[in-house]
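For the sequence shown, the positions run 1252 to 1491 when the numbering used here is used.
Notes follow once the structure below has been shown.
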Amino acid sequence: MSDSQSDSDVGINFTNSTLVKRPTQSSSKKILSFLKSGESSRIVSNLFANTKNKSDDRHRICTESRKTLGHGFQFRTNIRTHRGEKPFSCKECKKSFSDLSYLKTHIRIHTGEKPFSCKECTKRFSWISDLKRHTRTHTGEKPFSCKECKKSFSRISALKIHTRTHSGEKPFSCKECKKSFSDLSYLKTHIRIHTGEKPFSCKECTKRFSRISDLKRHTRTHTGEKPFSCKECTIVVDGV
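Printed below as a string of structure tokens:
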């Protein structure tokens, strides 16, 4: 957003970067000259709140979400989020984004670029966030814990799914039979009952399965593996 944008576009968000970055007495008068009196008190309070820490004018508070924002990238993106602006679109799939950096990251889906590599193994990732999550499989770190039972998870998405076991929430329902599930992946697996899809095939024979767990159990009939043993006696079973 350019500094030359009209004052009428500034509104309560201080979208004019000149006024936000270096609020002065003259800029305060300028704001008051075009804002309604009902809005002026809120604008001025935010303006002068922003001048209190002149030693670090890179930090600003969004008047809509009350978030503390850092450099210009964060501020511009935050404004576009509230306005619903997504000026950067992908040429491949037409998906739009509020910031150019998001678009550049998205493009890796199409190019297959994976610039982030794991130091422990050979896996590579398109996003730094995916690498961080993967790294926890090596470190065993589980930073996300359930408030109800204290169980910990390596991914926040796994915690959200687990939390639904306490709340009973099942937001994903099947259109065919109305059965509900706590996670979208469970629903996708369930839908194969209706479609007959069996994407998992045995390398030893021609059998196919709708669930990976069923394939794993079947594979033991070929390998002879029996990973489950009885604590009371010496009998072991394959779990099939």
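By construction, the Cβ of each residue, glycine as well, lies at the ideal position given by its N, Cα and C atoms.
- Message: Distance check for C1481 and T1474, CA to CA, integer angstroms please.
- Response: 20 angstroms
- If you draw a straight line from the alpha carbon of F1404 to that of C1484, how long is it in whole angstroms? 34 angstroms
- Message: With the cut-off set at 8 angstroms, would you say T1356 and C1369 are in Cβ contact?
- Response: no
- Using three-state DSSP, classify S1403 as helix, strand or coil. strand
- Take every Cβ of the stretch 1411 to 1423, pair it with every Cβ of the stretch 1431 to 1450, and state whether three or more of those distances are shorter than 8 angstroms. They touch, by the three-pair rule.
- Query: Going by other Cβ atoms of all chains shown within 10 Å of its Cβ, with 16 needed for buried, is I1330 buried or exposed?
  - Reply: buried
- Cβ shell of F1395 (< 6 angstroms), same chain only, five flanking positions each side left out: F1404, I1407 and L1410
- Message: Judging by CA-CA distance, which residue of I1463, K1454 and R1459 is the nearest neighbour of T1440?
- Response: I1463
- Item | Residues that DSSP places opposite R1359 in a beta bridge | Partner(s): none; R1359 has no beta bridge.
- Query: What do you get for F1479, buried or exposed, if any count of 16 or more other CB atoms within 10 angstroms of its CB means buried?
  - Reply: exposed
- Message: Just verifying my parser: in three-state terms, what is the DSSP assignment at S1433?
- Response: coil
- Query: S1349: buried (16+ other C-beta within 10 angstroms of its C-beta) or exposed?
  - Reply: buried
- Hey, how far is the Cα of K1383 from the Cα of C1453? C-alpha separation (whole angstroms): 32 angstroms.
- Query: Which residue or residues does DSSP assign as beta-bridge partners of S1352?
  - Reply: Looking at the DSSP assignment, S1352 forms no beta bridge with any residue, so it has no partner.
- Over the uninterrupted alpha helix (DSSP H) stretch that includes K1426, give me the two end residues. No alpha helix (DSSP H) holds K1426; DSSP gives it neither H nor E.
- Query: How is S1464 classed by DSSP in three states: helix, strand or coil?
  - Reply: helix
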